[in-house]
Structures are given as C-alpha cells and as structure tokens.
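Just so you know, we're using the working numbering here: the sequence shown kicks off at 1 and counts up by one. Yeah, the Cβ is synthetic: ideal placement off N, Cα and C, and Gly gets one too. To keep things clear, I will list the structure first and then write my remarks on it.
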Amino acid sequence: MIKAGIIGNGGIARSHLRGYSRLFEEGEVEVVAFCDFRPERLEDEFLNVFTNARKYTDIDEMLKAEQGKLDYIDICLPTYLHAEIAIKAMEAGYDVMSEKPMARTVEQAESMVEASKRTGKRLMIAYCNRFNLAAQTIKEIIDSGEFGKPVSAQFQRHGGTYDILRNGKSFGFNDWFRNYELSGSGALDMHVHDIDVIRGMFGMPKAVTMVGKNMGITDGGYDTEVATYIYDDMFVLSSCDWYVPSNKFDMRGIRVNFERGYVFQDRSPGREVFMKVAEDGTVTDLAEKNVFDPFYHEIKYFAGKIKAGEELDYNRPEESVDSIRMALAAIESADKGGEKINF
C-alpha cells in the first residue's frame with residue numbers, strides 16, 4: 001500500500017480521513033504518521049482506523065524521522081501555512097498533497113510550483129470539487145461539443161458561519177479564519193472552490209468583476225460576494241456566501257447553458273438533481289452521477305500517480321496558481337467597487 005503522513009488534524013483532516021479509511025479498506029493507501037502540535041488532537045477518535053500510526057508534535061521531527069518510510073505528505077493546515085510547509089516537505093524529499101486554497105498569495109503559490117520543479121517532487125492541491133463526479137461529467141459534456149459551445153454558466157455556493165459568529169465560537173484554531181490576512185475571508189477560502197472548477201471547465205477568463213460585503217465574520221475581505229468571470233464568448237456568474245443566519249439549507253448548484261441545451265446540477269440537501277436538457281426538450285437524467293465523495297477520489301488519484309510513477313495530468317499545480325490569481329483579482333475588483341480587473 002501507498003504510505004501517507006498527515007500534517008494537521010483539524011476539521012478538514014476529518015474529511016480526508018474518511019477518504020483514507022475507504023482506501024485503506026480497499027488496500028490502496030495507509031496513513032502511517034500524523035503530526036499536530038496539539039497532543040490532544042493526536043488522540044482524536046478519527047485516528048482510530050490507523051491505530052498503529054506514528055505520532056509527532058513537531059513537523060521538522062516528523063519530516064526527518066519519516067524519510068524513506070512515507071510515499072507522500074498530506075498537508076491539512078491553515079491556508080497561511082501551506083506554502084511554507086509544502087516547500088519544506090518537498091525539499092525534504094516528499095511528494096505533497098496540500099489543502100485548498102493553495103496559498104494566501106500568488107507569490108506563495110508560485111514558490112510552491114518552483115519548489116516542485118526544483119526538487120522533482122509531485123505537488124497537488126486538494127481542490128476537492130475537481131474530483132466531484134458531477135463536475136467532471138459536466139466537463140465531459142463541454143469537451144464533447146454535443147450541445148455546442150457554452151454561452152453562460154451559474155455557480156451557487158451558500159454555506160453558513162453566522163451561528164459561529166453569533167455564539168462567539170472560535171472559527172478555526174485560534175480563530176484564524178476571522179483574520180483576513182491569514183484566511184483571505186470567504187472570498188478566498190470558500191469562493192475558491194467554484195473558482196477552481198470554473199478554471200478547470202473553461203480555462204482562464206479575460207477579466208473579473210465582483211461586488212461583496214463584509215458581514216463581520218472576518219476583519220477584512222468579503223463574507224458574501226457575487227462575481228462575474230468574463231471570457232471571449234461567454235461569462236460565468238458565481239455567488240458565494242459565508243454568512244447565512246440559522247443555516248439549515250446549504251446551496252450547491254451549477255448550471256451551464258450551451259448553444260443547443262443546458263446542464264443543471266443541484267446537490268443542495270433535499271433537492272438533489274442532475275440532468276441535461278437538449279434544445280428539443282429531451283431530458284437525460286444524470287442523477288446516478290450526482291455523487292459527492294471527492295476526498296476519496298482526490299486521494300485515490302494522487303496516490304495512484306505515485307504508485308504508477310507518473311506525473312500529474314489533471315489538477316496540475318500551475319492551474320491551482322491560476323485559481324489563487326482569479327480569487328485575489330476578484331477581491332481587488334470588490335475593493336474597487338466592482339471595477340473590471342483584467343488578467
């Protein structure tokens with residue numbers, strides 16, 4: 001089995017561990033080392049599947065002790081630490097999968113790619129929605145040309161952290177999500193999910209305009225926003241919201257309109273649907289592909305490339321840099337009252 005080590009055991013690590021548990025049962029990947037500077041996090045119930053894993057509270061110690069024992073490192077740390085730790089791990093001889101967003105700045109993201117090329121180590125950013133089966137199916141429909149060219153698209157991603165704000169709960173370790181300089185606000189942390197899928201489906205846009213509001217969740221940036229990504233012959237409207245009072249209904253939807261039909265997918269709880277509709281009204285139900293287990297699939301893909309000794313041919317790190325560039329340009333646009341920012 002491929003041997004993995006996880007650095008950071010916060011909330012996102014639990015999602016990764018669900019994927020690892022399934023892959024372990026399938027005999028594909030085993031987590032053999034964990035690192036978190038908080039000892040109590042190394043006793044978390046979610047680690048019980050990998051009871052024999054070695055545990056560390058110091059990253060440097062782990063990277064030194066595990067040389068030759070691990071196939072790759074999975075970084076599940078806060079955004080502002082991604083570049084530093086990914087580069088350190090690659091320089092220590094490890095392939096790296098790192099959580100999204102890739103980094104806090106374009107410069108940090110580019111330095112990660114440079115380190116990957118310099119060390120010859122694989123680097124993949126865990127933009128989980130690239131491994132959402134429905135999103136991949138939509139991309140296949142786009143590439144097939146069966147409905148002609150896309151003419152517009154809409155993305156919706158509305159979650160909620162209002163209750164955290166209202167109840168005074170810590171938003172991440174030491175409340176780091178609330179610190180705009182560390183997290184980039186919802187405009188970087190949450191909106192980047194759809195930005196990366198947009199980048200994967202349609203390539204880099206020519207320009208972006210965005211308007212947004214800061215609702216007090218973070219000390220800067222935007223907690224709710226609507227962005228338009230402009231292409232030569234189409235546009236993509238994407239709305240994202242970190243601020244939903246009494247959030248009981250997450251919204252997750254994609255619609256792509258083509259010259260001769262459209263595709264509509266909604267995985268919001270309680271109204272799941274996925275279909276394509278031709279110009280003559282023919283409806284094809286794609287519900288069987290409205291499956292969301294992307295953490296399993298992203299890990300399976302990355303581990304598979306390591307096992308086969310192959311380079312990444314999907315979700316390449318250079319594309320992840322573009323996603324950071326798009327997110328930060330959108331924030332710049334909102335800072336300037338919705339002014340168009342060209343790429």
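(message) Taking its Cβ as the centre, do 16 or more other Cβ atoms sit within 10 Å of Ser144, making it buried, or is it exposed?
(response) exposed
(message) Do Ile306 and Gly19 count as a contact pair if the criterion is CB distance below 7 angstroms?
(response) no
(message) Measuring CB atoms only, is the segment 5-23 touching the segment 291-298, in the sense that at least three cross pairs come out at less than 8 angstroms?
(response) yes
(message) So, with DSSP's three-state summary, where would you put Cys35?
(response) DSSP places Cys35 within a strand segment (E or B) once states are collapsed to three.
(request) Within its chain, find whatever has a CB closer than 7 angstroms to the CB of Tyr80; leave out the 5 residues flanking it on each side and keep chain order. (result) Arg104, Leu182
(message) So the candidates are Val49, Asn9, Val31, Leu47; which of them puts its Cα closest to the Cα of Phe37?
(response) Asn9
(message) Could you pull the DSSP bridge partners for Asn342 from this structure?
(response) DSSP lists Ala207 as partners of Asn342.
(request) Please report how far the alpha carbon of Ile85 lies from the alpha carbon of Gly221, in whole angstroms. (result) 25 angstroms
(request) Output yes or no for whether 7 angstroms exceeds the beta carbon distance between Ile75 and Tyr94. (result) no
(message) With three or more C-beta pairs closer than 8 angstroms as the rule, is the segment 157-177 touching the segment 280-288?
(response) no
(request) Return the CA-CA distance between Asp322 and Met251, expressed in angstroms with no decimal places. (result) 25 angstroms
(request) Identify every run of the beta strand (DSSP E) within the segment 39-76, keeping only runs that are complete inside it and at least 3 residues long; order them along the chain. (result) Secondary structure in the segment 39-76: the beta strand (DSSP E) runs of 3 residues or longer, each lying completely within the stretch, are 54-56, 72-75 in chain order.
(message) Suppose the cutoff is 7 angstroms on Cβ atoms and the five residues either side in sequence are ignored; what does the same chain contact list for Met124 look like?
(response) Met97, Phe302, Leu312, Asn315, Pro317
(request) Can you check DSSP and say which residues form a bridge with Gln154? (result) Gln154 is bridged by DSSP to Leu237, Arg255.
(request) Return the residue from the list Glu259, Leu47, Pro39 that minimises the CA-CA distance to Ala13. (result) Leu47
(message) Can you tell me where the beta strand (DSSP E) holding Phe274 begins and where it ends?
(response) 273-278
(message) DSSP three-state label for Ser116, please.
(response) helix
(request) For Lys3, collect the residues of the same chain with a Cβ closer than 7 angstroms to its Cβ; drop the 5 residues on either side in sequence, then sort them by chain order. (result) Glu30, Val32, Lys69, Leu70, Asp71
(request) Could you tell me whether the Cβ atoms of Cys35 and Met1 are closer together than 7 angstroms? (result) no
(message) Using only CA atoms, which one of Arg122, Asn214, Ala153 lies nearest to Ala308?
(response) Nearest option by C-alpha distance: Arg122.
(message) List, from N- to C-terminal side, the alpha helix (DSSP H) runs of 4 residues or more that fit wholly inside the segment 286-330.
(response) 294-308
(message) Runs of 4 residues minimum, wholly inside the segment 161-226: which ones carry the alpha helix (DSSP H) assignment?
(response) If we require 4 residues or more, the alpha helix (DSSP H) runs fully inside the segment 161-226 come out as 162-167, 180-183, 185-189, 191-202.
(request) Would you kindly check if the distance between the Cβ of Ile341 and the Cβ of Val208 is under 7 angstroms? (result) The beta carbons of Val208 and Ile341 sit closer together than 7 angstroms.
(request) Note down the Cα distance separating Thr282 from Glu259, rounded to an integer number of angstroms. (result) 15 angstroms
(request) Would you identify the three-state DSSP class for Thr137, choosing helix, strand or coil? (result) In the structure shown, Thr137 sits in a helix (DSSP, three-state: H, G or I).
(message) Cutting at 6 angstroms between CB atoms, please list the residues of its own chain near Arg333, excluding the five before and the five after it.
(response) In the sequence as presented, Arg is not what sits at residue 333; that position holds Ser. Around Ser333: Val208, Thr209, Met210, Glu339, Ile341.
(request) Output the boundary residues of the beta strand (DSSP E) element that contains Glu99. (result) Per DSSP, Glu99 belongs to the beta strand (DSSP E) from 95-99.
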